[in-house]
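Peer 1:
6 protein chains.
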Amino acid sequence: MDLVTFGETMLRLSPPGQERLERATELEFRAAGAESNVAVAAGRLGLETTWLSKLPDSPLGRKVTATLRAQGTEPAVAWSESGRQGVYFLEQAGEPRGTNVVYDRTDAAVTTATPADLDVSRVEAADYFFTSGITPALSATLADTTRDLLARARESGATTALDVNYRSKLWDSTTARAELESLFPHVDVLFVARRDARRVLDREGDAPAIARGLSEDFDFGTVVVTRGEDGAVAFHGGETVEQSVFEAETHDAVGTGDAFVGGYIARRAQGGDIVDALEWGAATAALKRTIPGDVALVTPAEVDAVLDGNTADIDR
Amino acid sequence: MDLVTFGETMLRLSPPGQERLERATELEFRAAGAESNVAVAAGRLGLETTWLSKLPDSPLGRKVTATLRAQGTEPAVAWSESGRQGVYFLEQAGEPRGTNVVYDRTDAAVTTATPADLDVSRVEAADYFFTSGITPALSATLADTTRDLLARARESGATTALDVNYRSKLWDSTTARAELESLFPHVDVLFVARRDARRVLDREGDAPAIARGLSEDFDFGTVVVTRGEDGAVAFHGGETVEQSVFEAETHDAVGTGDAFVGGYIARRAQGGDIVDALEWGAATAALKRTIPGDVALVTPAEVDAVLDGNTADIDR
Amino acid sequence: MDLVTFGETMLRLSPPGQERLERATELEFRAAGAESNVAVAAGRLGLETTWLSKLPDSPLGRKVTATLRAQGTEPAVAWSESGRQGVYFLEQAGEPRGTNVVYDRTDAAVTTATPADLDVSRVEAADYFFTSGITPALSATLADTTRDLLARARESGATTALDVNYRSKLWDSTTARAELESLFPHVDVLFVARRDARRVLDREGDAPAIARGLSEDFDFGTVVVTRGEDGAVAFHGGETVEQSVFEAETHDAVGTGDAFVGGYIARRAQGGDIVDALEWGAATAALKRTIPGDVALVTPAEVDAVLDGNTADIDR
Amino acid sequence: MDLVTFGETMLRLSPPGQERLERATELEFRAAGAESNVAVAAGRLGLETTWLSKLPDSPLGRKVTATLRAQGTEPAVAWSESGRQGVYFLEQAGEPRGTNVVYDRTDAAVTTATPADLDVSRVEAADYFFTSGITPALSATLADTTRDLLARARESGATTALDVNYRSKLWDSTTARAELESLFPHVDVLFVARRDARRVLDREGDAPAIARGLSEDFDFGTVVVTRGEDGAVAFHGGETVEQSVFEAETHDAVGTGDAFVGGYIARRAQGGDIVDALEWGAATAALKRTIPGDVALVTPAEVDAVLDGNTADIDR
Amino acid sequence: MDLVTFGETMLRLSPPGQERLERATELEFRAAGAESNVAVAAGRLGLETTWLSKLPDSPLGRKVTATLRAQGTEPAVAWSESGRQGVYFLEQAGEPRGTNVVYDRTDAAVTTATPADLDVSRVEAADYFFTSGITPALSATLADTTRDLLARARESGATTALDVNYRSKLWDSTTARAELESLFPHVDVLFVARRDARRVLDREGDAPAIARGLSEDFDFGTVVVTRGEDGAVAFHGGETVEQSVFEAETHDAVGTGDAFVGGYIARRAQGGDIVDALEWGAATAALKRTIPGDVALVTPAEVDAVLDGNTADIDR
Amino acid sequence: MDLVTFGETMLRLSPPGQERLERATELEFRAAGAESNVAVAAGRLGLETTWLSKLPDSPLGRKVTATLRAQGTEPAVAWSESGRQGVYFLEQAGEPRGTNVVYDRTDAAVTTATPADLDVSRVEAADYFFTSGITPALSATLADTTRDLLARARESGATTALDVNYRSKLWDSTTARAELESLFPHVDVLFVARRDARRVLDREGDAPAIARGLSEDFDFGTVVVTRGEDGAVAFHGGETVEQSVFEAETHDAVGTGDAFVGGYIARRAQGGDIVDALEWGAATAALKRTIPGDVALVTPAEVDAVLDGNTADIDR
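Protein sequences appear in the order of chains A, B, C, D, E and F. Residue 111 in the numbering used here sits at position 119 of the first sequence, with consecutive numbering throughout. Residue 200 in the numbering used here sits at position 208 of the second sequence, with consecutive numbering throughout. Residue 239 in the numbering used here sits at position 247 of the third sequence, with consecutive numbering throughout. Residue 135 in the numbering used here sits at position 143 of the fourth sequence, with consecutive numbering throughout. Residue 174 in the numbering used here sits at position 182 of the fifth sequence, with consecutive numbering throughout. Residue 255 in the numbering used here sits at position 263 of the sixth sequence, with consecutive numbering throughout.
1. Could you pull the DSSP bridge partners for Trp71(F) from this structure?
2. Relative to the alpha-carbon of Gly25(F), which residue among Ser148(F), Leu47(F), Phe227(F) has its alpha-carbon at the smallest distance?
3. Work out the CA separation of Ser236(D) and Thr167(D) for me, nearest whole Å.
4. In this structure, what does DSSP give as the bridge partners for Leu154(D)?
5. Against Val94(F), what residues of chain E qualify as contacts under a CB-to-CB distance less than 7 Å, listed in chain order?
6. Assess contact between the region 281 to 290 of chain D and the region 236 to 251 of chain D, defined as three or more Cβ pairs (one per stretch) separated by less than 8 Å. Is contact present?
7. Does the count of Cβ pairs from the region 96 to 114 of chain B and the region 83 to 95 of chain D closer than 8 Å reach three?
8. Anything in chain D within Cβ reach of Thr289(F), meaning under 8 Å, just list it in chain order.
9. Distance cutoff 8 Å, beta carbons only. Does Leu47(C) sit that close to anything in chain D?
10. Quick one: is Leu315(E) near chain F, going by C-beta distance under 8 Å?
11. Classify Ala34(C): buried if its beta carbon has 16 or more other beta carbons within 10 angstroms, exposed otherwise.
12. Would you say Pro284(C) and Gly9(E) are within 8 Å of each other, going by their C-beta atoms?
13. What residues from chain B crowd round Thr103(A), counting only those whose CB sits closer than 9 Å?
14. Considering only the alpha carbon of each residue, which of Arg4(B), Leu270(B), Val32(B) lies closest to Leu19(B)?
15. Could you tell me the alpha carbon to alpha carbon distance between Asp109(A) and Ala68(A), rounded to whole angstroms?
16. Applying a beta-carbon distance threshold of less than 7 Å, which residues of chain D neighbour Lys55(C)?
17. Determine the DSSP secondary structure at Arg76(A), reduced to helix, strand or coil.
18. Quick one: which chain C residues come within Cβ less than 9 Å of Leu19(D)?
19. In angstroms with no decimal places, state the Cα-to-Cα distance between Thr(-3)(F) and Glu208(F).
20. At the 8 Å Cβ level, is Pro177(B) part of the contact set with chain E, yes or no?
21. If you reduce the DSSP assignment to three classes, tell me which class Val192(A) lands in.
22. If you measure from the beta carbon of Ala277(F) to each beta carbon in chain D, is any gap under 8 Å?
23. Assuming Arg144(C) is part of the alpha helix (DSSP H), what are its boundary residues?
24. Which of the three DSSP states, helix, strand or coil, is assigned to Leu110(F)?
25. Please list, in chain order, the chain B residues whose beta carbon lies closer than 8 Å to that of Gly9(C).
26. Can you check which of these residues, His243(D), Val295(D), Leu182(D), Thr104(D), is closest to Leu130(D) by C-alpha distance?
27. Got a sec? Which residues, its chain only, sit under 6 Å from Val179(F) by beta carbon, not counting five neighbours each side?
28. Got a sec, what are the start and stop residues for the alpha helix (DSSP H) Val237(E) sits in?
29. Just list the residues that DSSP pairs Arg260(C) with in beta bridges.
30. Decide if the region 117 to 131 of chain B is in contact with the region 256 to 272 of chain B; the criterion is three or more beta carbon pairs, one per stretch, under 8 Å apart.
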């Protein structure tokens, strides 16, 4: 198995167009979560991918697995008689209203997931293992399980990757910092938004300085600092690499960061160097912005076309 | 205020037509609950109605109040910073698949509602007060609050009504029986399905016997026993009244029982006798079956037309 | 031109499924009217058909002509700067609610249509001319125009046909009788529902007696009396012919009568005798009931299949 | 009651996306009108609001009241057996096609509304009373009723407000000027678009000059002149205040002006000064542009966020 | 791998409700084919299933694989640069119109599939191998490939099953008989509709006689003859077993036969005897009729509930 | 007949919004083709137009004719028992994904159309005859038929027009050049995109040079070279005319070129000079970009408004 990811996937309920939730009479119904988003993006770009989690044994849980399988990622799920299916309501809107998220994920089945529940042999057979800072934020149990899986993956020879992905609605920055720093010894590749580096990890300076500093302090193999429209910076092997964004007409911005990580890992796992991987990440992220829903339902040919600048016309 | 009801109203998410939840890509989005369904039906038929409850202060809570207001019932809501908005997923299907409900209502904001949270002056000003056996099943707090409100209403001179509405997914029949029987001293009018009378209240015999027996044992002013396609039986003032159902082409059966109760109360509160009220209940229930969603969005003229047998043609 | 019809075509706005108008957030949008329904059905079954009318010069008027052209009937329209586009709201429902129609057709552009507005050369070139009792009910001007066109058509050698189609929302039965009887001298073929014959034309007896009586009193070439599920009866050439209905699973009953007339005229105009024409009418009407909207969007092969009893299977 | 408004609310029928009316097969179905739009916006921002009008007693009239109640404004309606429900068809489009409106509002029930029809006690109990220049344009009766209600409100101590809102499809500018100027003696706060001030009220000069001039000529307490993307100017207490617009990604521009007035009145009625009120007006208008339909379905927190410049990110 | 099936899966395009194709403005978009339908049904009921085929390397081909994966069946696909994606248009309608299918499957990529294209190791590892008489009808190449795979499967120890599934639009009955009889020596379990047995295989007599006769003439281990509403008959081990249908409210009848086969094979492959398997087949078929689309998206618990007669109520 | 066009019209299947084909569950269903697009645009702007083609006698073929008739163009169709209905799948997307077209048009019925199949009397009666370079690319038969019709039209006195419209998915540029140049002797007005002139016709230089060169080499009456956002250039009567584009908010760019040609021809056929015609072409093209689907469903008044710069406001 090339890539195994671990985390929560929620059901996403969103009104059509820019309608308000309180007036909507129908909702679009999708499934999405940071770790499965990364798996799907990487899977679309050539990796064999598995998403590990725990779900309620219900039509809602099956909606999640059906969605992931359709997108090419294999769910390896502990089916549970207890615990809810996490849900979030998403209201898309332009400025100044902005997009609004209402989470309803408390007591999700995944919050009780222990290594004993999960098919850890998948983790032990992985080349890459990925999770995000959302997972340990969901429960104390999940924090322990996250640490266990990261350690287990690394011991089995996998490259481990973590995206900080701070969620202020789940925990405060002090708790988050302590928990995340306890995970860092098991992590090879760290992804962190510049803003999160500052407000959670208390880093100062610009993105290159943050990348280098984190790398030196925690001995990461690679640190990738993302900074929205200003692109990404990686520190790896003592060197700094910068990558700008590809322009995109944004249709649905949710999941852009996950697409970046998925593109990056797909390229690295297929032998690309850091420069290649950042380019793939940026191209996958740009394509994602044109696609409704949270996942980068792309093809390698589409990523190639972005990298070749070959995207302007209707091809007929 | 003519009628005040108290209970939980959930958001209802259902695939279009008979599609399966796990494959659906869009869901119809409505709001519904036994007690607000009763209030809406009675309100449509002429009563001034208020629905008392506690909701999360979010777009989801506001979806509930907007829906009820649109349907003519005034929500009197304690807005809460904690607690969820209850949700249920509904899959409509014909036989032999049958309609399937997935509840997701744990830890709803309403489960912590105390009399201190609520505008009890509304209850004290009511002519009729209604709740169902679902409400005390939701939490120990709600069981206490239900008892308090029933007692308070009765002391203030309201007629109090309770629909047993047993939900096996919420509590077992032994617990339900104990709790419900503790409420009965505060109840004037009891509605109970024959099936619930047997499995929860341990009643035997046919519907007339059940109605008479409950009335005698608990000193109810009126007991109405419903028995599905076989119609309803009431015991009141020492006499038994039977009411058959009006034929209907069923489009959406959910909420039929609540429509019956709403029609009954509307007529009683407007001076009808038991025979009148049972007829209005049965007519409202028949109309409900032709209407999508859980509520009887009817007019008095439509109920009259059913009672007059005046329903066969397109009027143009 | 084989068949020219004259009358009003309205826009039809209806909630999806059985939703109530007052809660609907979207409406299906179609165009329909008795006379254009007849033209479309006959056109689908082989006649060249024209629909004569007056419409407002607006996107709403163009919606009407685009719809008719798509269905194969040529609109010959006087475009007007004044007058509204007639609209009706339709709520489909099963029993006991029943289907409900809200007309909003007052002051439609067509109500001012005079022979001078219209391309009467079309009428003069027609083999068949058809209108319904709705048209003279819409305005005094239209009553005059209807009489003029019927007379003109007959003088030019066309067979003229009228469907009584009484609408109690448009006029009372006394006024209707007087007006209709003033048209009868110009009519060759009369279609009338048994119920309308009784309440408007004050006829008594069963359908065969009504058909014969009308024929004798007004010297019609043919009288066809329809009686819903009991089929139709024609009196022609001194003989009575009966036609039963073909069974149908009703999806949308509106327009069934117009489909019957369209099928009948199509067959007559193509040389069929009364027996043939009644069969085609009944088959077209049965097919119509399976089709959403007001018109019989059928093919000759489908009518043949009904007549051959050849309709039971999926053909693959 | 904090705010009472008086006027017509129509049903709005619009094709999805940018589809053309004449090809559309379904229409979105909403209710909207200048005066109820103002009431809804102000109600969402904290006022108790009532909308006074006359409606046909039909499912169409009930669609209007259900919509307003859902949005938090109480309809106080004279139900009528005669008169139509006004309707308008709206085709949204980008440049150079532009958005197109087809009105169908002639002979609406409201056009016959007299003070005797209406619950004028609501007007007499109001803190604020609002109507627009559309209302007197609809019929001579309504012009009289508008004058009566403005006078009555003012005598009862309400602040009266009028938005000129010139509609060239309803009356010519000379008639409009005469009628509006006959209302001005009863008006405290005048809202007028710079363009209307010029073409209807024959004002010259820039917006500040217009505001001051109108104020001096007609003795208004406040005059607010709006000028589209250039923001608004108020003249009040001898001073001029300017307010620029907040940038917005426009999803649906219809109703922007009403949202401005609603936000302004909400703030004034809650004690804000002119500067505050203009800011709230501008923020509410900017939010409106992101919301489908005619009304500003906003929350006070959203307006605060616009004023704080706190709108850039997904909050999670 | 428990079950491998081989055949064509098409894209299904159907108007919503009972709308006509020539007037539809949107189409439902699904994927379906006899052999993948069987695989999905069996997979839902517990088997590991693979569908073997050849598809165009395009978004249309990927729509097919995504759909099958979502439904739990693994596609093992030869991706092709040439050949089309087969499509069919389906118009659902009640009697007398009936459901109508327009195939557009000529030159599909699968028609050139040879054993060399396909991952035949899957066939060799299968416990069960299934195909239908549609597959050899699609091209001479496919006829050869079908024979090869059936022979290969049987030699590798699989139980081979064939459903005759005669399609008169693909070949005449004489050609079909010759081709099918050349496949029979490689087939263990034959499914055939009574009608096909008569018109294609020239069998006479009732279903039990047909089952026994085919079994004796071609040495099948099992023959199952289906006869629509009259249920199925199997001949196996010298004995005849009958199975009636379970009543169902039909929402979409397409795919009922495939659901029967899938349920049957699932039960047999999991150790059930013929009686069990026929019951599962009949229960799965009844459930299918309640589900939109061609596949039996069921659960084992639902099949159990049908067999237990436990389907009457909403469970809450 | 003012304008006759000849070519293929396909059915267009596209996911709503920017959804991906492989995940879509419903598709918009329209009909479109270069030559019918031109006919519709010209017909909307005042010409009587006929579209000549060959279609399968099926609901799919009838969907094409119903669509064209609704849009005001008369189809003159040879109905065929063999041959497919061409289809294309369209995925709309912003940059960098871009819009993607999947053609499925092989073996369409039209590919066998000969002059003997078609109602060539229409061509002989035409004032203008138009086809595009797509038509001869579809089959050798069609190449011959195209040449025959162009020659026939010209001999009958029509002005003949050809739009090069190169499709690399249909033929290579060398073949295309040879075939097109064999048509040029029969062509009066040539439309060609600058890009096609370069890659297919091997022209060099800027657009004015290309226009003049082609005109001189092939003796065209008029050559119009289009260059996307840079507008168009015509060479006619020894003079060069330039036309810039009108700004448009693009909703659906497909068919912009056809709208240009349709607007141009409409104006020329109604007596406009080259300058007028280019302006109408550009205005029609700009309007098209605001309209979903492939055709310019416009009115002359809308084109006038663009030319007058009179497009900025909602008119009410």
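For glycine and all other residues, C-beta sits at the position ideal for the given N, C-alpha and C. Please read all numbers here as calculations on a predicted model, not as lab measurements.
Peer 2: Here's the rundown:
1. Leu47(F)
2. Leu47(F)
3. 32 Å
4. Thr123(D), Leu182(D)
5. Ser50, Pro51, Leu52
6. yes
7. no
8. In the sequence on display, residue 289(F) carries Leu and not Thr. Under the 8 Å cutoff, chain D gives Arg12, Glu14, Arg15.
9. no
10. Because chain E here runs from -7 to 308, residue 315(E) falls outside it and cannot be looked at.
11. buried
12. yes
13. Under the 9 Å cutoff, chain B gives no residues; its nearest Cβ is about 13 Å from Thr103(A).
14. Arg4(B)
15. 11 Å
16. Leu13, Glu14
17. strand
18. Leu5, Glu18, Leu19, Glu20, Phe21
19. 26 Å
20. no
21. coil
22. no
23. 132 to 147
24. coil
25. His243, Pro284
26. Thr104(D)
27. Thr152, Leu154
28. Val237(E) -> no alpha helix (DSSP H), and no H or E assigned at all.
29. In DSSP, Arg260(C) forms no bridge with anything.
30. yes
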